[in-house]
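In the order they appear, the protein sequences are chains A, B, C and D. Numbered according to my numbering, the first sequence spans residues 1 to 432. Numbered according to my numbering, the second sequence spans residues 1001 to 1432. Numbered according to my numbering, the third sequence spans residues 2001 to 2432. Numbered according to my numbering, the fourth sequence spans residues 3001 to 3432. All C-beta atoms in this analysis are idealised placements derived from N, C-alpha and C, irrespective of residue type, glycine included. Computed from a predicted structure; not experimentally measured.
Number of protein chains: 4
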Amino acid sequence: MNQSQLKSNDLSTFDQYESEVRSYCRSFPTKFQRATGYRMWDVEGKPYIDFFAGAGALNYGHNPPEMKKKLIGYLMEDGISHTLDMASEAKETFLNRFNDVILKPNRLSYKVMFPGPTGTNSVESALKLARKVTGRQTIMSFTNAFHGMTLGALAVTGNKFKRKGAGVPLNHAVSMPYDGYMGSNTDTLEYIESFLKDSGSGISLPAAVIVETLQGEGGINVASNEWLIGLSEICKRFGILIIVDDVQMGCGRTGSFFSFERCGIIPDIVCMSKSIGGYGLPMAITLIKPELDQWSPGEHNGTFRGNNLAFITATEALTYWETEQFAEEIKVKAGLLRNALDEFVSEFPELKGEARGIGLMQGIAFEPGIAERISKASFERGLIMETSGTDSEVIKIMPPLTIDRDGLAKGLNILKNSLQAVAGEKNAILSH
Amino acid sequence: MNQSQLKSNDLSTFDQYESEVRSYCRSFPTKFQRATGYRMWDVEGKPYIDFFAGAGALNYGHNPPEMKKKLIGYLMEDGISHTLDMASEAKETFLNRFNDVILKPNRLSYKVMFPGPTGTNSVESALKLARKVTGRQTIMSFTNAFHGMTLGALAVTGNKFKRKGAGVPLNHAVSMPYDGYMGSNTDTLEYIESFLKDSGSGISLPAAVIVETLQGEGGINVASNEWLIGLSEICKRFGILIIVDDVQMGCGRTGSFFSFERCGIIPDIVCMSKSIGGYGLPMAITLIKPELDQWSPGEHNGTFRGNNLAFITATEALTYWETEQFAEEIKVKAGLLRNALDEFVSEFPELKGEARGIGLMQGIAFEPGIAERISKASFERGLIMETSGTDSEVIKIMPPLTIDRDGLAKGLNILKNSLQAVAGEKNAILSH
Amino acid sequence: MNQSQLKSNDLSTFDQYESEVRSYCRSFPTKFQRATGYRMWDVEGKPYIDFFAGAGALNYGHNPPEMKKKLIGYLMEDGISHTLDMASEAKETFLNRFNDVILKPNRLSYKVMFPGPTGTNSVESALKLARKVTGRQTIMSFTNAFHGMTLGALAVTGNKFKRKGAGVPLNHAVSMPYDGYMGSNTDTLEYIESFLKDSGSGISLPAAVIVETLQGEGGINVASNEWLIGLSEICKRFGILIIVDDVQMGCGRTGSFFSFERCGIIPDIVCMSKSIGGYGLPMAITLIKPELDQWSPGEHNGTFRGNNLAFITATEALTYWETEQFAEEIKVKAGLLRNALDEFVSEFPELKGEARGIGLMQGIAFEPGIAERISKASFERGLIMETSGTDSEVIKIMPPLTIDRDGLAKGLNILKNSLQAVAGEKNAILSH
Amino acid sequence: MNQSQLKSNDLSTFDQYESEVRSYCRSFPTKFQRATGYRMWDVEGKPYIDFFAGAGALNYGHNPPEMKKKLIGYLMEDGISHTLDMASEAKETFLNRFNDVILKPNRLSYKVMFPGPTGTNSVESALKLARKVTGRQTIMSFTNAFHGMTLGALAVTGNKFKRKGAGVPLNHAVSMPYDGYMGSNTDTLEYIESFLKDSGSGISLPAAVIVETLQGEGGINVASNEWLIGLSEICKRFGILIIVDDVQMGCGRTGSFFSFERCGIIPDIVCMSKSIGGYGLPMAITLIKPELDQWSPGEHNGTFRGNNLAFITATEALTYWETEQFAEEIKVKAGLLRNALDEFVSEFPELKGEARGIGLMQGIAFEPGIAERISKASFERGLIMETSGTDSEVIKIMPPLTIDRDGLAKGLNILKNSLQAVAGEKNAILSH
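This is the structure we're talking about:
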């Protein structure tokens, strides 16, 4: 790190050498250097509170000490780093711990697939397998869903801008209304069921439904337990597989390890990535009911299926889930967060906010344009917090799950100040 | 690592918990634990020589000391690990070094995109961009090509078994004969050109051609310089972009940093992954001619675009390329390897081998069935070496580029013994 | 016709030589020979009343005398029969008459395309043009729609059995709920509009909507005027073309020449076939708003675009529309028909029928299984009447528009007797 | 025909009311009125010799007297005109005669499907059935093929302009080089076979190959008997169905009823239309080997499957094939035609013509631009003759098969004069 002459917050290297596709560096225009827990520092030493958590990849915070220790230890011993899908001690340990700590206590018995280390890879593997097992081609997905950016995953993603980027038509998928899409009085399952049972609906029987139990990128839309259970029952009735994309909502984000624990459904396939590696290291797994594990060897592959450094931290991360305590703490913090958001909504009625979300995936929806200004104002005050929704109309609060009450309070205070500032601007405009 | 009771080479955890899709662990049935340079050890301490190099992800060997030192140093300082596409000091350093050490000396001026940390992600980003920039949809690819396993990349991959795994038709691509596909007397470019120029050929003008300069997975097929230059000229003539997939052949595998340096063409887009991270850590980049960098911010994204640990080791890896020395050494070792292979082919005429390849991507093609037995016999003797080709008919020798002459000689000796054993079996059968 | 030895109703020739795909000959198992007006005779001289009218291709009845006279006259003069899309006197006369009698009085100014002589050809041409003009690919169609059997038209057809026959996935289309699909209390336009305006809905902006104002094949579903007007307004608001498929509902079937006259919308493109030729001769036209007529010469073609014998009868058929009288008569007969159906529904409550339809496209919906038995019983009694709906649950009454009151009464009497017979069987079963 | 005031050759009605898609009326700008045999007359009584024959729909000439008599007789007796796929006496007679006169003497036993009355309908039905029977999706087609304009048929058509008209990507088809496409020294079957047998070729095993034995629209390319036999053998070896599209080449155009009689192959499916109806009336049939006739009833349908007027003339047309005489006469005339073309090529060396074709489907290929001028010059002199090839570079001579030697000589004389005129213009330009 001998670039000390660049320590100032000069982003010219990125402007000059990095592609125009770069995005978050435009919202948070500084150069980050160090981070621990819920705190980040840029090259000038300015601290930030992290209400973003790597878009859900840092549920356990930045550089958690126990994982760091294990990781450095493994490196020092020349533990093997890259193994494709050869067997390694690190992988074996992860598999055993994952079964002991996560699956067995939840009475689940999934086979674990390592599909390549990204969420979109896990989704692609799930769709391939669902199509193979059923011999069908159509996947049912939902309005405002986000599942990834490679062509297979993009076909089940709702966002028009992202879809257009494909450059080719996205097929073999049908988009159905998510819970609440038609307003709170309309049960969208009725609509879905009528399309499935009617032989004139123009829609083929799907191989699978892919669903997020809470849509994060889509604007923090929470599916109710009743809706998820109903969807699961429809799938059973029609012989459709149900895939839960838990890439962002898994690993405790909504309060339990799997996001679907709250409603008790058992998906046929589960996609996980982001925080599964524990330390922000690329890793993904696809969980498959044993009877559906009909892959031929090597039918899906990828160079980085065997990221052993991630297996080391992933294994350590499971320690959080050995007792109920971690989940309990999330619930408490989720309650505090919700209270604060409700209070903010009341306090700034001119912003017409609507609090949303569960667990530590919460936010406030505004009219278009407001959320981005709040995000900007927060960044200036030392808080990293992104927006979501197709029109970036929602501020998305997803701190590390390990944040302490003090950190949460500090971050919320910055948010409050930012809301005040944006409300002030708005009032100023209106009073003219 | 408290699983000492499992230290024996018992693979039951994998049988029980991992998906049937696992593959290499079937060819190399042991549990790996440690590795340095070209050597790997399993949990029982048995050493192996590595002629596989993580399928090209470990060109600099396992756990190279300088990178390891930098990596541990970064971890100890709580360097930020995961940043999506926010700006970080580690990324900035990589961008500057990559320009100074690689691009400028080669008089290249690409913009760097971080498309997500896998080769298939880089390919998907390249195809999207080519389609966006040209407004066309078809991509021309080649027989026996391998570009990845997500739907977009799979559509330009030749392998029937992999393609079938898609479960949906793979479209918007046209497969053309690679150099040598119709025998050494037929110039396949003539065929390609006639399809392009004829308005009745049934083929739309492609957005891009995607090509490997040497097909590794496809069976070690080397495209001649003339063919590559001719292809590049056809692309210019018809306004088609040329994408070089250097995921496996880049980072020195064929003797120079970019595999296309040998023929002097300048691709419009270059895909890199595998060894770009240096230490086997997931990382990928897509290099784009500045005038083609027409992405909108966030039009392609992904959670693990910002793997800062990989940026640290990737930056260090560039040190190998600061002088000509490393490339020179590869050439010398490539010569030794070719001599040995030629000798083996002569020595075991009953195996009807055909030496192939350039740089440290070489191999011997056999009749179906032979290569797999040689790979097996080698493993038993302590050598990791995979097969390639659609019928696994080629042994693929790709040691770390950093292997010393002694290591190379030892590995080749094992290979020779294995050839002898397989030849012996064959002779035994024939003499009956 | 020297096959007098086959005059008996022996269908063995068809069993032996014709493909298994044949269908109506199974429902109406006799050999037809002659026909006039609403009457048909088989080879044994048995008469039938026709409540089927060639599935809408014989709105003017069988062999109407004036057309027959013109046709024979043209043949005797060696009028040219086949001209592709060369100019002919017969075509010129048709074009002028069609403008004078139909378009101008309705204040419409469409360009006329001859796309090949079948409805599916007209639909394919309409979809091509809509895609060309808008540069978009998706077509919005409706549940239970029927538009034809070639791949482009089949993609916008709802019926699962027909769609499966494609043997390939049917893409570039999205199926939306038709008026009434979600029950009478739900306005399906709200649903459609929410998908169009939401940038996260997963649906691209369509090139066009294709709609039948009354779905005949789909089970006699009548779209309300309000719904059709609302749909037209949505299309305008979003810049989507509206295509009315008037292949079966046009030429007076619902009471006016164009079926959309009742609601006053002006489609961008209109597809016509079936009765447009007047005499059951193959002919189709696609009507295009002049500003959308952006075809290049020959961009869509076909051998039988210029069926001059059909132009002769088509021209003569327009005579029916020179005054209001013909339309008035249809209305009167439609009223008589509806009264009869309502009466039948009341008289046989055990059949739980529901009268449907408008104009001379009416029917009664039953529980599955009933309609086919009624059709069979009617055939045995000398009435040709088919079923429709995806489960063949509706009897479909569509006599020639030229039928006189006496013919209508006779046919309805046979229908009544058939209903009685089927009701009797049902009661017999229930009383056991 | 009371439009006597328009008897002059005023095309304003077409300009004003007909779509821009109209095409042949631009090449042959007059209004046709009457026609018999090989002669046509426009409204002003100007005669034309027909070397076009309705693009192959008028092999028996215009208004052949015996067919006309039968047709008028049927009309006068009120023979039923339109029957969908109900059984009719006229259809029965056709089926029996077609078996007796055509199939049995050729020792063929096809089931006959009536797919709708156009060639593209027949092709769509053939592709559907091939996909259903094999469970595969890809169809192999050939460079410069023409199979129709609906989406399924268009996907196997080579012409870029026509394909682009689809407005959506055309998939599930792979275009392979036709006989002679790579020059006379390259056997394109080798190329095709290597793609089929190689599991890395990027091409799925096709359901079927669709082939014309002579490509008319594609520029009069004749496949050799050896090539057709070789293709048929490849299909057998790989379990691929072979579909011969005999829409234009069937009904005697190349010298025998089926165009494939010359090489002795037996296609699995045959598509026929154009001249099968005899009188230029819309009709098509799909011939299916009995074991492949796996349709469900109604799985493919269409309103005009039962064009009984066409059955009447089609039956009569079979009379030509009751003896060998008709085929013999075609051969004689084909010889005369070839001699004349060879002579023209020699006589006008400055036009660099190349005679092509067999039977009464012959022509001369020129450099781009020449053929259209010859066609224009011929029209002015009273000869109707179109061009073909993707760049309209070939004059296409396809008179009615019934043309007498005198008519042929007269037409060829006009052609010679036209060649002379165009050669003269060219020489005049060159001599400047």
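Query, Result
"Any idea what DSSP makes of A/M455, helix, strand or coil?", "This structure does not reach residue 455 of chain A, given that chain A is present from 1 up to 432, and the question cannot be answered."
"Buried or exposed, going by whether 16 or more other CB atoms sit within 10 Å of the CB of D/Q3137?", "buried"
"What's the call for D/P3224, buried or exposed, on a 16-neighbour Cβ count within 10 Å?", "Residue identity check: residue 3224 of chain D is Ser in the sequence provided, not Pro. Counting Cβ neighbours within 10 Å, D/S3224 comes out exposed, since fewer than 16 surround it."
"Between D/I3243, D/I3139, D/G3180 and D/M3385, which lies nearest to D/A3173 when the distance is taken from Cα to Cα?", "D/I3139"
"Round the Cβ separation of A/M113 and B/S1019 to the nearest angstrom and send it over; I've been treating them as touching at under 8 Å.", "4 Å"
"Does the beta carbon of A/V156 fall short of 7 Å from some heavy atom of the ligand GDP?", "For the ligand GDP, the structure offers nothing, since it holds no ligand at all."
"DSSP three-state call for D/R3262: helix, strand or coil?", "helix"
"Assign A/M76 to one of three DSSP states: helix, strand, or coil.", "helix"
"Among the candidates B/N1106, B/S1175, B/T1150 and B/T1157, whose CA atom is the shortest distance from the CA of B/E1324?", "B/N1106"
"Are A/G389 and A/G148 close, meaning C-beta to C-beta below 8 Å?", "no"
"Take C/G1941 as the anchor and find which of C/A2053, C/L2415 and C/D2085 has the nearest alpha-carbon.", "This structure leaves residue 1941 of chain C out entirely; chain C is present only between 2001 and 2432."
"What residues from the stretch 1369 to 1401 of chain B come within 9 Å of chain D, judged by C-beta to C-beta, listed N to C?", "G1389, T1390 and D1391"
"When the cut-off is 8 Å and only beta carbons count, does D/P3206 lie next to chain B?", "no"
"Starting from B/M1182, find everything on chain D with Cβ-Cβ shorter than 8 Å and list it in chain order.", "E3190, Y3191 and S3194"
"For C/L2337, I'd like the list of residues in its chain whose CB is within less than 6 Å of its CB, leaving aside the five on either flank, ordered along the chain.", "Q2362"
"Let me know the secondary structure DSSP gives B/Q1003 once reduced to three states.", "Low per-residue confidence applies at B/Q1003: pLDDT is 47, beneath 50, and the placement is therefore not dependable, though the value from the model is reported in the following sentence. Looking at B/Q1003 - three-state DSSP - the assignment turns out to be coil, as it is neither helix nor strand."
"Looking at A/I102: is its Cβ nearer than 8 Å to the Cβ of A/W321?", "yes"
"Please report the straight-line C-alpha distance between C/L2011 and C/I2049, rounded to a whole angstrom.", "21 Å"
"Look at B/A1284 and B/P1117 and say whether their C-beta atoms are less than 8 Å apart.", "yes"
"A/R97 to A/G357, Cα distance in whole Å?", "30 Å"
"Looking at chain E, which residues of the stretch 2013 to 2024 of chain C have a Cβ within less than 8 Å of any of its Cβ atoms?", "Absent here is chain E; the protein component of the structure consists of chains A, B, C and D."
"Strictly under 8 Å for the Cβ-Cβ distance: is B/L1006 near chain A by that measure?", "Note on B/L1006: pLDDT 48, under 50, position unreliable in the model; no value is reported."
"Which class does C/S2027 belong to by DSSP, given the choice of helix, strand or coil?", "helix"
"For C/D2100, tell me which candidate among C/L2419, C/F2195, C/T2315 and C/K2416 has the shortest Cα-Cα distance.", "C/T2315"
"Taking only beta-carbon atoms, is B/D1078 less than 8 Å away from chain A?", "yes"
"List the DSSP bridge partners of C/W2041.", "C/R2034 and C/P2047"
"Looking only at C-alpha atoms, which of C/F2379, C/P2349 and C/V2394 sits nearest to C/I2370?", "C/V2394"
"Where does B/L1360 sit, in a helix, a strand or coil, going by DSSP?", "coil"
"Report the residues of the stretch 3161 to 3175 of chain D with a CB closer than 9 Å to any CB of chain C, ordered along the chain.", "F3161, K3162, K3164, G3165, A3166, G3167, V3168, P3169, N3171 and H3172"
"Do you know offhand how far A/I429's Cα is from A/N159's?", "32 Å"
"Does DSSP classify D/F3142 as helix, strand or coil?", "strand"
"What would DSSP say about C/E2367, mapped onto helix, strand or coil?", "coil"
"Output needed for A/S109: all residues of its chain with C-beta closer than 7 Å, excluding positions within five of it in sequence on either side, in chain order.", "L103 and P290"
"Taking Cβ positions, are B/L1408 and B/K1333 nearer each other than 8 Å?", "yes"
"State the Cα-Cα distance for the pair D/S3256 and D/M3398, rounded to the nearest angstrom.", "15 Å"
"With a CB to CB cut of under 6 Å and the five nearest residues on each side skipped, what residues in its chain are close to B/A1310?", "G1277, L1281 and M1283"
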